[in-house]
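When we follow the numbering used here, the leftmost residue of the sequence shown carries the number 4, and every step to the right adds one. In this text, a Cβ means the ideal position worked out from N, Cα and C, and glycines have one as well. It should be emphasised that the depicted structure is a prediction, and the values quoted were computed from it without experimental measurement. To start, the structure under review is shown below, and the notes come after it.
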Amino acid sequence: MLVGVAKDCSSVGEAALNHGDLVEQVVDELVAAVSAKEGISFPPGTMERLAAYTKVVSTFPAAVKEFEWRNSYFYNLGDEACPKHNSLLRECESNGKLSFKLP
């Protein structure tokens, strides 16, 4: 989870607990970006469903991995569409928290 890595959290649950507002901001940003790009809409309750899933995986390590399949779509939408997401990725890269280089 990007927010967890950026904020030095050891687990997904810690990120949700200590940085829930930022997690929600990033999710809202990504939902809006995908909706605009793909012309789709997400049903109400998207954040609530993701929060419920976070509780299930709360002990999973906070990590940014498999960039190509997880974050690259959003990163490639650009800073106008995903400013918080992309800023957090660049912050993680500049702080040596990624095992790969951003394009």
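Three-state secondary structure (DSSP) of residue i
i: P64; result: strand
i: S14; result: strand
i: N79; result: helix
i: K104; result: coil
First and last residue of the uninterrupted alpha helix (DSSP H) at residue i
i: K87; result: P86 to S97
i: G23; result: G23 to E41
i: G7; result: L5 to A9
i: E69; result: It is not in any alpha helix (DSSP H) - E69 carries neither H nor E in the DSSP assignment.
Buried or exposed (CB count within 10 angstroms, at least 16 for buried), residue i
i: L33; result: buried
Sequence-distant residues of its chain with Cβ nearer than 8 angstroms to residue i (five each side left out)
i: S43; result: The sequence shown places Ile at residue 43, rather than the Ser named in the question. Cβ neighbours of I43 beyond the five flanking positions: V37.
Chain-order list of residues whose beta-carbon lies under 6 angstroms from that of residue i (same chain, five-residue window excluded)
i: G16; result: S61
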